[in-house]
Amino acid sequence: MLEGLSDLKNKIGSSSAEDVVASYLERIEKSDINAFTCIAEDAIDQARKVDSLDIEGPLAGVPIAIKDNISTKGLSTTCSSAILDGYVPPYDAHVIERLRKAGAVIIGKSNMDEFGMGTSTETSTYGPTLNPWDAERVAGGSSGGSAAAVAAGQVPVSLGSDTGGSVRCPAAFCGTVGLKPTYGAVSRYGLVSYANSLEQIGPLANRVEDVAALMDVIGTYDNRDSTCVKHNAGYTDALQDDVEGLKIGVPAEYFGEGIDDNVQKLVWEAIGKFEDMGAEYTKVSMPNTPYALAAYYIIAMSEASSNLARFDGTRYGNRSEGENWHMMASKTRQEKFGAEVKRRILLGTYALSAGYHDKYYLKALKVRTLVKQDFERAFEDVDVLMAPTMPTPAFKIGEKMDDPLSLYLSDVNTVPINLAGVPSISVPCGFSEGLPVGLQVIGNYFDEATILKAAHSFEKNTNHHTKLAPGVV
Amino acid sequence: MITKEQVEHIGWLARVNIDEEDAFEFASELSTVLDYFGQLDEVETSGVKPTYHVADVMNVFREDKPTDSLEQAAILANAEDIQEGYIKTPKII
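Chains P and H, in that order, are what the protein sequence lines are. Residue numbering for the first sequence follows the working numbering, beginning at 106 and increasing consecutively. Residue numbering for the second sequence follows the working numbering, beginning at 598 and increasing consecutively.
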């Protein structure tokens with residue numbers, strides 16, 4: 106299996122951070138899966154600094170890929186959009202400050218759907234990231250580059266962001282672990298906003314313990330994000346191999362129409378494994394789930410139409426010609442935004458406009474309350490919920506690009522979690538025709554400890570996570 | 598059903614210029630998605646309060662102490678056209 110953080114620590118100790126980072130850079134260079142939008146020219150210098158200054162942070166010398174919507178001082182941040190071509194942030198996001206302090210080496214920026222708007226990394230202006238398990242298939246999205254880079258052994262760990270499943274989807278499609286933290290657990294300072302009431306930055310890795318280690322570094326309070334909440338961390342401390350008496354809820358609505366038979370079978374086998382390990386499960390009902398997808402998209406698009414107003418060719422990014430400011434902005438946005446971004450801005454603008462606000466936006470916010478209440482009721486009786494992360498394994502590149510709605514429907518099992526704001530982790534639970542399938546373990550607010558413990562125990566008692574994608578050594 | 602003219606109007610509100618050809622395509626795509634959104638009409642929501650934010654925090658204060666902010670030059674470095682410390686744009690009115 107691929108090296109984890111503890112292996113790397115030994116390796117860096119016996120050789121050097123420079124050697125380790127150089128070997129990962131070599132793998133990136135040899136690969137053609139298009140996982141990166143840019144490589145940090147100073148990656149080796151960062152590693153040398155760790156070696157020469159004997160930096161002893163918890164991630165000293167560890168190379169990490171950062172989703173291209175997280176601001177990195179001095180390193181291009183484009184959100185995989187032509188409108189931000191050439192933009193170099195003058196400051197670091199909170200999570201980047203924390204990573205640098207912990208000694209991590211920012212090796213490059215990973216590919217994504219433009220502004221996070223997609224489920225396949227196909228809307229990137231740089232083209233799709235290929236799935237390491239099958240180059241004809243998508244890596245998932247929107248954090249496709251972050252997941253594919255980890256699965257292909259190009260980095261041991263990465264950061265993504267999850268607005269409606271954008272960490273968990275590519276984690277499931279690429280056979281890695283990915284965590285969407287509780288809303289408010291990780292500061293969004295420096296994350297380029299798409300739908301700010303829904304999204305969180307989250308870690309991806311080949312092991313649950315490495316995801317926990319990253320959370321210990323990035324999940325600290327920061328007053329520059331007013332929605333960041335002070336909470337008890339100790340993510341690594343939660344990692345025990347013990348699920349005796351754990352109460353699992355299995356929501357019937359997450360196994361409905363459109364969920365592939367093989368996927369359902371593998372998830373049920375995983376739940377059976379938990380039973381063997383001493384946990385117990387009950388079926389639960391979350392009746393508002395069928396409405397979550399529509400509510401999610403209305404809210405996400407409405408917030409996007411407002412958040413993306415800042416890309417107007419004025420303060421950053423490049424600019425098209427126009428006789429006045431309005432024409433310049435309108436032309437710039439016409440020429441530099443991709444089709445999916447425009448679709449969402451238009452729909453969001455429509456949903457917020459006079460006469461439609463109550464029918465769409467306000468209605469969606471009320472449905473959001475009902476979805477949230479489903480979770481609150483479920484967690485009165487159970488410790489975690491388990492379900493398929495994605496309805497199917499990775500689909501073919503191009504398969505869903507002509508039909509936006511069919512692409513939206515693949516988010517059916519991930520978006521309710523963002524509406525409610527609870528944490529959720531996707532872990533590998535087997536293979537369907539050679540393609541990885543993810544088990545989603547959902548927890549109560551700020552109870553990452555329980556889902557990390559469950560996921561870690563599952564990993565210790567199974568071997569799905571040890572399998573390597575073809576050609577990866 | 599949303600019309601081509603409506604798409605052009607929303608495009609103007611959102612400051613996204615739209616060519617006639619694209620407006621037809623957007624009108625059809627947007628209509629399909631709006632039809633799907635229409636399913637929310639069947640949810641009974643009378644008496645339900647909207648959830649704007651799940652984090653139960655409001656009015657987060659900090660001490661009124663000045664702190665360092667970014668250098669002006671660092672911020673202006675990303676702008677296409679600057680003059681005497683200002684960002685220059687085509688005329689607005």
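Every residue, glycine too, gets a C-beta built ideally from N, C-alpha and C.
Kindly indicate the opening and closing residues of the beta strand (DSSP E) around residue i.
i         : result
Phe141(P) : 141-144
Glu385(P) : 385-389
Lys116(P) : It is not in any beta strand (DSSP E) - Lys116(P) instead sits in the alpha helix (DSSP H) that spans 110-119.
Phe563(P) : Looking at the DSSP string, Phe563(P) is not in any beta strand (DSSP E); the run it does join, the alpha helix (DSSP H), is 553-565.
Val532(P) : 529-537
Gln305(P) : 305-310
Glu485(P) : Run containing Glu485(P): none in the beta strand (DSSP E); it sits in the alpha helix (DSSP H), 468-486.
Gly354(P) : 352-356
Met106(P) : Segment: none, Met106(P) is in no beta strand (DSSP E) and carries neither H nor E.
Is residue i close to chain P? Criterion is C-beta to C-beta, closer than 8 Å.
i         : result
Pro687(H) : yes
Ala671(H) : yes
Phe579(H) : Nothing about residue 579(H) can be read from this structure; chain H reaches only from 598 to 690.
Gly682(H) : no
Glu677(H) : yes
Asn601(H) : In the sequence as displayed, the identity of residue 601(H) is Lys instead of Asn. Judged by the 8 Å Cβ criterion, Lys601(H) is not in contact with chain P.
Glu617(H) : no
Glu605(H) : no
Could you work out which residues of chain C lie near residue i, taking near to mean beta carbons separated by less than 8 Å?
i         : result
Ala674(H) : Although the question refers to chain C, the structure presented lacks it and instead comprises the protein chains P and H.
Within 8 Å of any Cβ in chain H, is that where the Cβ of residue i sits?
i         : result
Ser185(P) : no
Met433(P) : yes
Val472(P) : yes
Ala198(P) : no
Pro509(P) : yes
Ala399(P) : yes
Ala483(P) : no
Ser120(P) : no
Ile212(P) : no
Ser458(P) : yes
Ala525(P) : yes
Asn174(P) : no
Ile450(P) : yes
Asn549(P) : no
Gly427(P) : yes
Lys490(P) : Here residue 490(P) is Leu; the residue named in the question, Lys, does not match the sequence. False, the Cβ-Cβ gap to chain H never drops below 8 Å.
For residue i, report the span of its alpha helix (DSSP H) as first-last.
i         : result
Gly608(H) : 601-610
Ser157(P) : 148-158
Gly249(P) : 249-256
Glu440(P) : 430-441
Ala170(P) : From DSSP, Ala170(P) is part of no alpha helix (DSSP H) but of the beta strand (DSSP E) over 168-172.
Glu241(P) : Unbroken run through Glu241(P) is the beta strand (DSSP E), 239-243; no alpha helix (DSSP H).
Ser625(H) : 617-634
Write down the C-beta distance between residue i and residue j rounded to the nearest angstrom, noting that I regard them as a contact closer than 8 Å.
i         : j         : result
Val546(P) : Ala525(P) : Incorrect: roughly 15 Å between the Cβ atoms, too far for contact.
Leu451(P) : Gly608(H) : 6 Å
Leu637(H) : Val472(P) : 6 Å
Using C-beta distances below 6 Å, list every residue in its chain close to residue i, excluding the 5 sequence neighbours before and after it, in chain order.
i         : result
Ile530(P) : Leu284, Val546, Ile556, Ala560
Phe623(H) : Val604
Lys580(P) : No answer is possible for residue 580(P): the residues shown for chain P start at 106 and end at 578.
Ala122(P) : Ala152, Val155, Asp156, Gly166
Apart from the five residues just before and just after residue i, which ones in its own chain have a Cβ nearer than 8 Å to its Cβ?
i         : result
Thr268(P) : Gly221, Ser247, Tyr299, Ala300, Leu303, Glu304, Ala405, Asn523
Can you find a heavy atom of the ligand ADP that lies under 7 Å from the Cβ of residue i?
i         : result
Val348(P) : What this structure holds is no ligand at all, so the ligand ADP is not there to describe.
Could you pull out every residue in the same chain whose Cβ sits closer than 7 Å to the Cβ of residue i, ignoring the five residues on either side in sequence?
i         : result
Phe500(P) : Arg242, Val243
So if I threshold CB-CB distances at 9 Å, which residues from the segment 142-165 of chain P count as touching chain H? none
The segment 401-423 of chain P: which residues have C-beta closer than 8 Å to a C-beta of chain H, in chain order? Tyr402, Ile403, Ser410, Ala414, Asp417, Gly418, Thr419, Arg420, Tyr421, Gly422, Asn423
Closer than 9 Å, Cβ to any Cβ of chain H: which residues of the segment 333-347 of chain P, in chain order? Cys333, Val334
Using a Cβ-Cβ cutoff of 7 Å, what residues of the segment 253-274 of chain P are near chain H? List them in chain order. none
For the segment 641-670 of chain H, list every residue whose C-beta sits within 7 Å of some C-beta in chain P, in sequence order. Thr642, Val645, Lys646, Pro647, Thr648, Tyr649, His650, Val651, Ala652, Val654, Val657, Arg659, Leu667
Could you list the residues in the segment 279-294 of chain P with a C-beta less than 7 Å from some C-beta on chain H, going in chain order? Tyr288, Gly289
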